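Peer 1: Residue numbers (this note's numbering): 102 to 188. Backbone N, C-alpha and C fix where the C-beta goes; we use that ideal spot for every residue, glycine too. Note that the coordinates shown come from a computational prediction; the quantities given were computed from them, not determined experimentally. Let me begin by handing over the structure; questions about it come next.
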């Protein structure tokens with residue numbers, strides 16, 4: 102079920118009708134589905150040892166990190182570290 106915008110303008114005289122209950126139920130199902138996906142994605146990410154390094158790996162690494170100071174956003178590839186100096 103898809104997310105429906107919740108009703109936020111309730112007043113004391115409003116009654117809860119079946120369309121309200123259907124919307125609430127659909128949003129609960131949608132949130133539960135999103136939570137399940139997040140849990141699955143998080144578990145898969147944590148289990149992927151190819152993208153994580155241990156403390157020992159980091160402390161003994163010989164790879165250099167370079168930092169570029171620039172005033173433009175162009176010409177950088179994914180994984181580059183750079184700082185805008187003109188902001």
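#1: Residue 112 to residue 118, Cα distance in whole Å?
#2: Excluding the 5 residues flanking residue 124 on each side, which residues of the same chain have their C-beta closer than 6 Å to its C-beta?
#3: Can you give me the Cβ contacts of residue 184 inside the same chain, cut-off strictly under 6 Å, excluding the 5 residues immediately before and after it?
#4: Kindly indicate the opening and closing residues of the alpha helix (DSSP H) around residue 156.
#5: Roughly how many whole angstroms lie between the Cα atoms of residue 213 and residue 153?
Peer 2: So, to answer that:
#1: Residue 112 sits at position 11 when you count from the first residue of the chain shown. Residue 118 sits at position 17 when you count from the first residue of the chain shown. Their Cα atoms are separated by approximately 14 Å.
#2: Mapped onto the chain shown, residue 124 falls at position 23. Correct list, in chain order: 105.
#3: Stepping through the chain shown from its first residue, residue 184 is reached at position 83. Correct list, in chain order: 170.
#4: Mapped onto the chain shown, residue 156 falls at position 55. It spans 156 to 160 - the alpha helix (DSSP H) in which residue 156 sits, taken as one unbroken run.
#5: Only positions 102 to 188 of the chain appear in this structure, which leaves residue 213 out of reach.
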